[in-house]
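Counting from 2, one number per residue, gives the positions in the sequence shown under the working numbering. Just below is one structure, and these are the notes that go with it.
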Amino acid sequence: MQNIYTVAQVNAYIRNMFTQDFMMQSLFVRGEVSNCKYHSTGHIYFTLKDEKGAIACVMFAGNRSGLKFRLENGQQVVVGGMVDVYERDGKYQLYAKQIVQEGAGYLYEKFEALKNELAERGMFAEQYKRPIPAYIKTLGVVTAPTGAAVRDIINVAKRRNPYIRIILYPAIVQGDMAAQSIVNGIHALAAQGVDTMIVGRGGGSLEDLWAFNEEIVAQAVFDCEVPIISAVGHETDHTIIDYVADLRAPTPSAAAELAVFDYSQFVLSLHNYREKLTARMDAVLLARRQRTENLALRYRLQSPESRIRDKRLRVLKAEEDLQRLMEDKLKDNRHRLALYVEKFKGLSPLAKLNQGYSYVEDKDGRALKHLSQVHPGDMLTINVSDGKVLAQVKDKISPIKAIKERKNDHRGEIC
């Protein structure tokens with residue numbers, strides 16, 4: 002009797018076959034989404050079908066970080082993942098790890114992948130970006146020879162500077178040959194020695210603008226020695242060369258504004274600079290003239306003649322001050338002398354004599370002040386106002402004795 006297997010064994014065997022098949026472990030399947038369901042656990046269950054078949058798919062919640070849009074029925078997508086068997090039900094299904102939309106969605110994923118790769122290689126780094134010259138003579142333009150973009154660039158550039166020289170490289174900007182045509186245009190204008198280059202085109206879909214997202218175009222922009230301004234599409238459009246170029250303009254017209262200086266404003270600036278320079282020169286000349294005048298004045302003040310004249314004036318001033326001080330001193334001394342004279346007048350013996358007083362000296366010329374200085378028989382000199390009197394002492398009477406004798410005399414008179 003043949004071997005008999007359980008259902009679980011058969012399912013496990015089939016799963017093992019899928020596991021050993023390398024192709025089933027990593028593949029991409031294109032199809033239309035149907036029966037799409039978002040489970041409360043975060044998993045997404047859907048069916049991928051085409052006109053000839055269908056396959057059950059599941060994307061677990063842990064892999065949803067790679068999903069950049071909401072999955073809905075009817076979408077054309079490319080699912081990347083592995084095919085495996087769910088043993089319990091005996092059904093195989095596609096376990097999705099990444100899902101991208103066909104068309105624009107696929108291109109967007111490709112755009113992001115190349116953008117990240119070039120960023121890691123340092124092609125977007127600021128240190129590699131060249132400054133746009135402020136004043137250019139020759140402008141190179143890589144774009145389609147017809148269309149609004151080239152007309153806008155030429156009109157704006159000529160309006161800002163009628164003397165600007167524009168070299169146009171008529172590039173193919175859409176289709177399979179566009180990327181190489183743009184690269185050829187960049188190389189050709191760089192060989193012409195233009196001062197600045199504008200690379201771009203008018204607006205369009207992501208597919209229309211895809212040539213500017215090609216790696217060969219990005220590499221040509223990065224390697225170019227001439228500063229490049231990218232001007233692709235409208236303000237909301239972004240391409241790879243926008244990140245690689247030295248400067249991004251939101252539109253072709255804006256690129257011309259950034260690349261070409263305004264000649265009228267330039268002339269006005271020159272006029273302003275001339276006025277500022279003239280004013281500055283006048284200020285410097287005035288300052289130098291004043292400095293010269295100050296030096297001349299200092300020279301006159303420091304000259305020998307001026308110094309002699311100054312010394313002479315100082316001597317005259319000192320002489321006047323000395324004369325004034327001497328007069329003040331003499332006046333003060335005269336006043337003091339007058340006070341002393343009046344004081345001496347009050348103390349003068351001659352003045353006392355003129356008032357009826359006399360001045361008595363002993364034989365030795367000493368002033369007689371006490372009775373003890375004389376004795377009877379001594380010669381005295383009495384000084385009066387108009388001369389001297391010589392006298393001899395007969396007796397000396399004390400004040401007490403004199404008073405007693407005076408009383409006795411009065412008493413005798415009464416008797």
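Note that CB positions come from ideal geometry on N, CA and C, so glycine has one too. Owing to the predicted nature of the structure, the values given are computational and were not obtained by experimental measurement.
Bounding residues of the alpha helix (DSSP H) (the contiguous stretch that carries residue i)
{"i": "Arg160", "result": "149-161"}
{"i": "Tyr14", "result": "8-21"}
Presumed contact (8 Å Cβ cut-off) between residue i and residue j, rounded CB distance
{"i": "Val390", "j": "Ile398", "result": "Rounded, the Cβ-Cβ distance is 19 Å, inconsistent with contact."}
{"i": "Val143", "j": "Val200", "result": "5 Å"}
{"i": "Asp51", "j": "Gly32", "result": "5 Å"}
{"i": "His376", "j": "Val394", "result": "7 Å"}
{"i": "Asn74", "j": "Ser41", "result": "Wrong, their Cβ atoms sit about 19 Å apart, outside the cutoff."}
{"i": "Ala158", "j": "Val151", "result": "About 11 Å separates the two Cβ atoms, so there is no contact after all."}
{"i": "Leu207", "j": "Leu108", "result": "5 Å"}
{"i": "Glu121", "j": "Ala13", "result": "That pair is no contact at about 43 Å."}
{"i": "Leu119", "j": "Ile241", "result": "7 Å"}
{"i": "Gln77", "j": "Glu103", "result": "4 Å"}
{"i": "His235", "j": "Gly204", "result": "4 Å"}
{"i": "Ala212", "j": "Val174", "result": "6 Å"}
{"i": "Glu226", "j": "Ala191", "result": "6 Å"}
{"i": "Asp363", "j": "Gln374", "result": "6 Å"}
{"i": "Val86", "j": "Ile15", "result": "5 Å"}
Buried/exposed call for residue i, threshold 16 Cβ in 10 Å
{"i": "Leu72", "result": "buried"}
{"i": "Tyr170", "result": "buried"}
{"i": "Leu210", "result": "buried"}
{"i": "Leu49", "result": "buried"}
{"i": "Lys116", "result": "buried"}
{"i": "Met282", "result": "exposed"}
{"i": "Arg246", "result": "The sequence given here has Ala at residue 246, not Arg. Under this definition Ala246 is a buried residue."}
{"i": "Met327", "result": "exposed"}
{"i": "Ile415", "result": "Annotation note: pLDDT 46 at Ile415 (below 50); position unreliable, no value reported."}
{"i": "Pro228", "result": "buried"}
{"i": "Ala319", "result": "exposed"}
{"i": "Leu271", "result": "exposed"}
{"i": "Pro253", "result": "buried"}
{"i": "Asn17", "result": "exposed"}
{"i": "Glu215", "result": "buried"}
{"i": "Asn417", "result": "The structure shown does not extend to residue 417, since the chain spans only 2 to 416, so no value can be given for it."}
{"i": "Asp322", "result": "exposed"}
{"i": "Ser231", "result": "buried"}
{"i": "Asp153", "result": "buried"}
{"i": "Met178", "result": "exposed"}
{"i": "Thr197", "result": "buried"}
{"i": "Gly141", "result": "buried"}
{"i": "Val101", "result": "buried"}
{"i": "Arg418", "result": "This structure cannot speak to residue 418, because the chain is shown only from 2 to 416."}
{"i": "Met380", "result": "exposed"}
{"i": "Phe29", "result": "exposed"}
{"i": "Gly176", "result": "exposed"}
{"i": "Ala126", "result": "exposed"}
{"i": "Gly82", "result": "buried"}
{"i": "Val80", "result": "buried"}
{"i": "Asp243", "result": "buried"}
{"i": "Arg308", "result": "exposed"}
Residue interval of the beta strand (DSSP E) (run including residue i)
{"i": "Leu391", "result": "388-393"}
{"i": "Leu381", "result": "380-385"}
{"i": "Tyr360", "result": "360-362"}
{"i": "Ile133", "result": "No beta strand (DSSP E) contains Ile133, which DSSP labels as neither H nor E."}
{"i": "Ser231", "result": "229-233"}
Residue-chain proximity (residue i, chain D), Cβ-Cβ < 8 Å
{"i": "Arg289", "result": "The structure shown contains no chain D; it is built from a single protein chain."}
Would you check if the stretch 216-232 and the stretch 177-184 touch, i.e. whether three or more CB-CB distances between them fall below 8 Å? yes
Considering only residues of the stretch 138-225, which uninterrupted alpha helix (DSSP H) runs meet the minimum length of 4 residues and lie entirely inside it, listed in chain order? 149-161, 179-193, 216-224
Inter-stretch contact (C-beta, 8 Å, three-pair minimum) for the stretch 249-267 and the stretch 117-137: yes
Please list the segments of the beta strand (DSSP E) lying wholly inside the stretch 73-103, counting only runs of 3 or more residues, in order along the chain. 77-87, 92-102
What are the uninterrupted segments assigned as beta strand (DSSP E) that are 3 or more residues long and contained completely in the stretch 244-268, given in chain order? none
Three Cβ pairs or more, each shorter than 8 Å: is that satisfied between the stretch 12-29 and the stretch 42-58? no
Taking three-plus beta-carbon pairs below 8 Å as touching, is the stretch 82-99 in contact with the stretch 54-73? yes
Quick check: the stretch 187-195 against the stretch 161-178, are there 3 or more CB pairs under 8 Å? yes
Can you list, in chain order, the stretches of the alpha helix (DSSP H) that have 4 or more residues and sit fully within the stretch 21-75? 23-26
Every unbroken beta strand (DSSP E) inside the stretch 284-313 [3 residues or more]: none
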